[in-house]
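Asker:
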Amino acid sequence: MFQTAWAQQQKNVPYMPTQQQVLQSFRQANALDTALKNIAVVANVNPNWQPSGDRFWYRKSLDNREVEYYIVDAATGKKQKAFDQERLAKAIEKVTDKKVDGKRLWISDMFFSNDNGSITFKSGADWLKCDLKNYKAEKTTKPDQQAYNPNRPLQRRRYRWSGFYTDSVSPDRQWTATQKKGNLVIKNKNSGEEIALSTDGTSEVPYNEFAWSPDGKYIIGYRVTYKKIKDVYYVLSSVEGTTRGQLRSHDYAQPGDDFTSYEPFIFNVKTKKQLKVEADKIDFFGAPELHFREGNSRYFTFEKVDRGHQRFRLIEVDCQTGKTRNIIDERTKTFIYEQRIFTYYLPKTNEAVWVTEQDGWRHAYLVNTLTGKQQLITKGNWVLRDIDSVDVQKRQLWFKGSGMNAGEDPYFIHYYRIGFNGKGLIDLTPGKGNHQVTYSPDRKYMIDAYSQVNVAPVVALRNTATGKKIADLEMGDLSKLLATGVKLPEVFVAKARDGKTDIWGVVYRPANMDPNKAYPVIENIYAGPQDSFVPKNFAAVNEMQSIAQLGFIVVQIDGMGTANRSKAFHDVCWKNLADAGFEDRILWMKALAAKYPQVDVSRVGLYGTSAGGQNAAGGLLFHPEFYKVGVAACGCHDNRIDKQWWNEQWMGYPVGPHYGAQSNITNAAKLQGNLMLIVGEADENVPPESTLRFADELIKANKDFELLVIPGMGHSDGGVYGRRSKKNFFIKHLLKTEPPVRGSEGI
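All the letters of the sequence shown, read from the start, carry residue numbers 3 to 749 under my numbering.
(1) Tell me, which residues are paired with R436 by DSSP?
(2) Let me make sure I understand the geometry here. Which of W647, F624, I329, K630 has the alpha-carbon closest to that of I667?
(3) So, for K672: in the same chain, excluding its five sequence neighbours on each side, which residues have a beta-carbon less than 6 Å away from its beta-carbon?
(4) Please state if the CB of R313 and the CB of I343 are separated by a distance shorter than 9 Å.
(5) Could you give the uninterrupted runs of the alpha helix (DSSP H) lying entirely in the segment 280 to 348, keeping only those of 4 residues or more?
(6) Taking the alpha carbon of L694 as the point to measure from, which residue in D320, A670, A458, Q600 has its own alpha carbon closest?
(7) Count Cβ pairs between the segment 62 to 73 and the segment 561 to 579 that sit closer than 8 Å; are there 3 or more?
(8) Do D581 and I559 count as a contact pair if the criterion is CB distance below 9 Å?
(9) Whose C-beta lies closer than 7 Å to the C-beta of Q360 among residues of the same chain, with five residues either side of it excluded?
(10) Using DSSP with H/G/I as helix, E/B as strand and the rest coil, what is W214?
(11) In chain order, what residues of the same chain have a beta carbon less than 7 Å from the beta carbon of T611, not counting five sequence neighbours either side?
(12) Compare the C-alpha of I415 against each of L463, G403, G409, N407 and name the closest.
(13) Got a sec? Which residues, its chain only, sit under 7 Å from V15 by beta carbon, not counting five neighbours each side?
(14) Please work out which residues of its chain come closer than 7 Å, Cβ to Cβ, to V603, disregarding the five sequence neighbours upstream and downstream, and give them in chain order.
(15) Under 8 Å by Cβ, that's how I've got M751 and L430 pegged, so tell me the actual separation to the nearest angstrom.
(16) Rounded to whole angstroms, what is the Cα-Cα separation between N539 and K489?
(17) Can you give me the C-alpha to C-alpha distance between V369 and Q646, rounded to a whole angstrom?
(18) Can you name the residues that DSSP bridges to W647?
(19) Can you give me the start and stop residues for the beta strand (DSSP E) that Y418 sits inside?
(20) Pull up the distance between the alpha-carbon of L709 and that of V633, whole angstroms please.
(21) Thinking C-alpha only, which one of R387, T358, A354, W384 is nearest K375?
(22) Only counting the same chain, and skipping five residues up and downstream in sequence, which positions put a Cβ closer than 7 Å to that of A613?
(23) So, are the CB atoms of A565 and Q616 less than 9 Å apart?
(24) Of the choices I121, D86, N118, G119, whose alpha-carbon is the least far from that of G104?
(25) Helix, strand or coil for N136 per DSSP?
(26) Between the segment 452 to 462 and the segment 495 to 505, are three or more C-beta pairs nearer than 8 Å?
(27) What is the rounded straight-line gap between the Cα of L90 and the Cα of P443?
(28) I'd like the span of the beta strand (DSSP E) that includes T693, first residue to last.
(29) Along the chain, where does the alpha helix (DSSP H) that runs through H572 open and close?
(30) Can you list, in chain order, the residues of its chain with a C-beta nearer than 8 Å to that of S240? Leave out the 5 residues immediately preceding and following it.
(31) Is it true that the segment 417 to 428 meets the segment 376 to 390, where meeting means three or more beta-carbon pairs spaced less than 8 Å apart?
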């Protein structure tokens, strides 16, 4: 309260450095970056589990790129140096005749004997074996034993948009379903006999994508109306050894484009009759994966996502009648975040685990696939972030969640386990912070690494049955970092446009900030609705800190319309991507300025890449009263030009007038302030013409701006050259000082 009152009375002098002072800031920033990069803060360990499953080794990074190796007994948590690195380095040199630095010894794979008395390991391209009693080494071959993958889930996961495998061979392996002249034909493996099961298919609209029922009585196929995905183009201007630009193309579906559609049919192998399924054509994401009832091939289910992302169904089909019923039928007036729908089927019990936001928060349900009855597994005003595994035998769900732990940043990820009945919830990672977990092969143990942006990392070994800590493997030490003078970022919270919701962000300041000066603010913006983006883990070095060192206060914020909060928070983006949470961001920065007189919100810039590039330009177009300078890299400046699956998810289908109304290109004449556009000519993520068409409209509107096209570069912020250009642009227009000449000593 005292600080806020003081800030309101105090008017700091704007920080306006000379060119020489800016040059010195560059040198100091580069020196600080170099110093920070050479200081190791262990944020995690990569456990290499031994085949026995009770031990693992890991490599620890030290200052100046040096390393150490440890072996850990998982049951007790006891860790010890894996070997004497200097002696092992000399042993390797003796066998391989290669110079080896013991302090930077690099071992990529390693197996310990049962008594830890010898190791078989890979150094460079060589496999060697070394007796750790006398450090005598010899060349050997790769052992037959294999270390376990610590990231292996209990079950294999699949995503519906990645395509599904369908076996065209019958369950008894005697018949093959194939397409012939547009029709379904089955061919006998032994006799070569062919039987046509359809006659109305054509080469233009054939039957395809065949799948057999488990008992071999039915084949499910689709009458397919193919639509070619249209191409987009770019020119490589500067290919070495050529004198002409090289034209490149690739298929790229844009909002509103036609998709291949699939009309489902059932073919009775015995009667040779075909039956049309009483269901709409599938015109989105291709042929679906089929799930037949356990022991009863008369019924199968498939998932259908309607184009426009406002309806999701789990549909059951009766193979005898072709009739269907909806087991799940979710509808919304805004959008269903299709990429985060999760389904897992339990055929033996006629159940499915389903994750949805239908109650306003993302949660898991247990669905009876016979009756359609739904039962909440998880519930509350928090977000289930991801399903790790479904333990069918123990009827448990392993998942990641955020917002459940009171008094914490609601974005912090914790790992949990819960029963299908919603009971027995265990927080496997109780420490305050953002967690990342890897499990032992049998899930008896887990490595829990957690930190905060301004709190040192901890890496703990835990028992997964109880979540109890066995030992701390590593504890981050920030003393050397702080000795450089660097300022740790601050987590700042302010209210959103509704006056109630907390908006979270981070603040980076110059190491040598003068408390009596007021510094321009630069926002690193990315308002893509697919996720949240403010960093939550500790990182010794990042670009925001580097920019701050030049004389700025750099911030990053998650405004309304981004993910990982409530459904209502997320829904702000619906048909409204130009909003980009700007109202919340501006209020947040004004609240920051009200608390700290060093924050000058009369000089605010912003930068971003991809959707962030769209946002960076949008700030100058739609909120010029606040944002004065923007750097937009490879922006999707018109959502009609960008990729279909992303934009229809948030802007809706069909493509309506709101697409154009919110386009940066359409609104180019509104530009105020100073804008730099950066684009790689070989961008295959967002077509380069999105930026170039925006530039064309700016020229037509007689607007001044800068355009940097990077030859040969793909989807990027411009690389080293682009990032340096961005810094110079902010120095020129926010600090009102000419940036130092490229190549100046020390920069």
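Cβ coordinates follow ideal geometry from the N, Cα and C atoms, glycine included. Note that the structure is predicted; figures quoted are calculated from it, not measured.
Answerer: Taking the definition as stated:
(1) A small correction: the amino acid at residue 436 is Asn; Arg does not occupy that position in the sequence shown. N436 is bridged to S453.
(2) Among W647, F624, I329, K630, the Cα nearest to that of I667 is on F624.
(3) Taken in chain order, the residues that qualify are L623.
(4) No, these two residues do not count as a Cβ contact at 9 Å.
(5) Complete alpha helix (DSSP H) runs here, min 4: none at all.
(6) In this structure, A670 is the residue among D320, A670, A458, Q600 with its C-alpha nearest to the C-alpha of L694.
(7) Fewer than three Cβ pairs drawn from the segment 62 to 73 and the segment 561 to 579 lie within less than 8 Å of each other, which leaves the two stretches out of contact.
(8) No. Outside cutoff.
(9) Cβ within range, chain order: E332.
(10) DSSP, read as helix, strand or coil, puts W214 in strand.
(11) So the qualifying residues of the chain are A635, C636, D719.
(12) Among L463, G403, G409, N407, the Cα nearest to that of I415 belongs to G403.
(13) For V15, same chain residues with a beta-carbon under 7 Å away, outside a window of 5 residues either side, are N518, K519, A520 in chain order.
(14) V523, M591, K592, A595.
(15) Missing from the structure shown is residue 751; the chain here goes from 3 to 749 and no further.
(16) So the alpha carbons of these two residues sit roughly 16 Å apart.
(17) C-alpha separation (whole angstroms): 31 Å.
(18) Beta-bridge analysis with DSSP links W647 to no other residue.
(19) Looking at the DSSP string, the run of the beta strand (DSSP E) that includes Y418 is 415 to 421.
(20) When rounded, the distance between both Cα atoms is 10 Å.
(21) When C-alpha distances from K375 are compared across R387, T358, A354, W384, the shortest belongs to A354.
(22) Taken in chain order, the residues that qualify are Y528, A529, G530, C638.
(23) Going by C-beta atoms, A565 is not nearer than 9 Å to Q616.
(24) Looking only at I121, D86, N118, G119, the smallest Cα-Cα distance to G104 is reached by D86.
(25) In this structure, N136 counts as coil in the three-state DSSP scheme.
(26) The segment 452 to 462, when compared against the segment 495 to 505, does not touch it at the 8 Å Cβ threshold.
(27) Each residue's alpha carbon lies about 29 Å from the other.
(28) That residue, T693, is in no beta strand (DSSP E); its alpha helix (DSSP H) goes 691 to 702.
(29) It spans 569 to 573 - the alpha helix (DSSP H) in which H572 sits, taken as one unbroken run.
(30) So the qualifying residues of the chain are P713, G714.
(31) Under the 8 Å Cβ criterion, the segment 417 to 428 counts as touching the segment 376 to 390, having at least three qualifying pairs.
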